[in-house]
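Let me begin by presenting the structure, written as structure tokens, before commenting on it.
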Amino acid sequence: MRDRFLRACRRQPVDRTPIWLMRQAGRYMPEYRAVRERYGFLQMVKTPEVAAEVTLQPIQAFGVDAAIIFADILPPLEGLGFQLTYEKGEGPVIHNPIRQPRDVAALHSSDPRETVAYTLTALRLVKRELNGLPLIGFSGAPFTLASYAIEGGGSKEYRLTKRFMYEQPAAWHDLMERLSQLVAEYLIAQVEAGADAVQIFDSWAGALAPADYRDFVLRHTQNVVATVRSRLGEAAPPIIYFGTDMAGLAGELRQIGADVLGVDWRIDLDVAWAQYGYEHAVQGNLDPTTLFAPRELIAARAREILQRAGGRPGHIFNLGHGILTETPVDHVRYLVEFVQSFPLPAETPALQEVMQ
Numbered sequence: 049m050r051d052r053f054l055r056a057c058r059r060q061p062v063d064r065t066p067i068w069l070m071r072q073a074g075r076y077m078p079e080y081r082a083v084r085e086r087y088g089f090l091q092m093v094k095t096p097e098v099a100a101e102v103t104l105q106p107i108q109a110f111g112v113d114a115a116i117i118f119a120d121i122l123p124p125l126e127g128l129g130f131q132l133t134y135e136k137g138e139g140p141v142i143h144n145p146i147r148q149p150r151d152v153a154a155l156h157s158s159d160p161r162e163t164v165a166y167t168l169t170a171l172r173l174v175k176r177e178l179n180g181l182p183l184i185g186f187s188g189a190p191f192t193l194a195s196y197a198i199e200g201g202g203s204k205e206y207r208l209t210k211r212f213m214y215e216q217p218a219a220w221h222d223l224m225e226r227l228s229q230l231v232a233e234y235l236i237a238q239v240e241a242g243a244d245a246v247q248i249f250d251s252w253a254g255a256l257a258p259a260d261y262r263d264f265v266l267r268h269t270q271n272v273v274a275t276v277r278s279r280l281g282e283a284a285p286p287i288i289y290f291g292t293d294m295a296g297l298a299g300e301l302r303q304i305g306a307d308v309l310g311v312d313w314r315i316d317l318d319v320a321w322a323q324y325g326y327e328h329a330v331q332g333n334l335d336p337t338t339l340f341a342p343r344e345l346i347a348a349r350a351r352e353i354l355q356r357a358g359g360r361p362g363h364i365f366n367l368g369h370g371i372l373t374e375t376p377v378d379h380v381r382y383l384v385e386f387v388q389s390f391p392l393p394a395e396t397p398a399l400q401e402v403m404q
């Protein structure tokens, strides 16, 4: 059953819980480090053959239930006119961040089919190698992209972003509308290139109060989901929405319209699922640092998550964020094997309900 992941996204019965891991292609793998020695990070992203090779590495090494294209959330911003580099020890840097409303008005129009054509080519290359295993495309969410565009890089407090949001609401919504259009077009283009599901990464939205998410973000995220669905119709894929530290935003998240909601490790899976509503599938939610622990503890934590899911259709096992650098490869392999060998309950009321 190579479609376990997609069936779980749709809350359909599966023979076992599917598993894939955010940032499953990365520096913890010796195969990745060998490629990284020959290429800079952006060069890897922008060279389709290299991006495809790296995407396939965890499939070959661990046999996870889905591949996610090797890319980054920020390169689509280059099409709007942002100057992006990745600095050693600093991460991504935007050299012309937004500071005034006129900076928003000066942004270019952009077609991601041209500006990030390399990722679309990589998707096509990977799709040919997967033999039916699902392929996930992704994009940053409008808020997270806006925060990078305003801060000029990562942040802990998002002071510049929030001040712009509060002090320049018209320019803020103009920026968010531009970004929501960009994200929707990018996701649609990835589906057209072969993606079977798409994930929207809202990595920084947990920094917002619920009222601010409702007033300044929610409708733009909803617009991304609605645009993808309306444009693709019956070909629309499962849509996953993921953010960290969002346990206090359950009421807002269930309004987004995503098929699957990501859960981080700061809330128990069953509690989150009840709050999000069982009309959603859920994805998560092992703390990535657990993979540094002894195998006995990895098994105990994974078992607890699986038991909290209770066999209810619609659980995709994942981490609560991306795999950390220096994570032991053998521990990743152990987790995947443990989850894939964990038996689902023979009969549960939820499973019987879906199968009828």
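Quick note: to get this note's numbering, add 48 to the position in the sequence shown (first position is 1). We put the beta carbon where it would ideally sit given N, CA and C, even for glycine.
Using a Cβ-Cβ distance cut-off of 8 Å, the segment 78–92 and the segment 155–169 are not in contact, since fewer than three pairs of beta carbons, one from each stretch, lie closer than that value.
Taken in chain order, no unbroken stretch of alpha helix (DSSP H) lies wholly in the segment 345–371 with a span of 4 residues or more.
When C-beta atoms of the segment 257–273 are compared with those of the segment 287–306, three or more pairs fall below 8 Å, so the two segments count as touching. Assignment of beta strand (DSSP E) within the segment 231–306, counting only whole runs of 3 or more residues, yields 245–249, 287–290 in chain order.
Contact annotation: the segment 166–177 touches the segment 234–247, with at least three C-beta pairs closer than 8 Å. Using a Cβ distance threshold of 8 Å, LEU256 and LEU227 do not count as a contacting pair. In the DSSP assignment, LEU309 falls within the unbroken beta strand (DSSP E) covering 308–310. The closest CA to that of PHE186, considering only ALA295, ASP250, ALA153, is found on ASP250.
If you keep only unbroken beta strand (DSSP E) runs of at least 3 residues inside the segment 77–153, you get 132–135, 139–142. Rounded to whole angstroms, ASP335 and GLN388 show a C-alpha spacing of 18 Å. Under the three-state reduction of DSSP, GLN216 is assigned to coil, being neither helix nor strand.
For SER187, the three-state secondary structure derived from DSSP is strand. CA-to-CA, the gap between GLY200 and MET49 works out to about 44 Å.
A contact is defined here as three or more CB-CB pairs under 8 Å, and the segment 171–180 fails this definition with respect to the segment 214–228.
For VAL330, the enclosing beta strand (DSSP E) begins and ends at 329–331. Proximity to VAL384 across THR373, ILE364, GLU374 peaks at ILE364, based on C-alpha coordinates. Here PRO286 has LEU54, CYS57, ARG58, ALA245, ASP307, VAL308 as same chain residues with Cβ atoms under 7 Å from its own Cβ, once five neighbours each way along the sequence are excluded. Assigned with DSSP and collapsed to three states, LEU155 falls in coil, not helix or strand. For LYS175, the enclosing alpha helix (DSSP H) begins and ends at 165–177. Shown here, LEU69 sits in coil according to DSSP, grouped into three states, outside any helix or strand. About 5 Å separates the beta carbon of ALA73 from that of GLN105, a gap short enough to meet the 8 Å contact definition. Here THR103 is buried, its C-beta having at least 16 other C-beta atoms within 10 Å. DSSP, read as helix, strand or coil, puts LEU227 in helix. Shown here for ALA100: same chain residues with a beta carbon closer than 8 Å to its own, the five before and five after excluded, namely PHE118, ALA170, LEU173, VAL174, GLU177 in chain order. Minimum Cα-Cα distance from VAL112 among the listed residues ALA283, MET70, LYS136, ILE248 corresponds to MET70. Exclusion of the five residues before and after LEU345 leaves THR338 as the residues of its chain whose Cβ lies within less than 8 Å of its Cβ. Burial is judged here by how many other beta carbons sit within 10 angstroms of a residue's own beta carbon; ARG360 has at least 16 and is buried.
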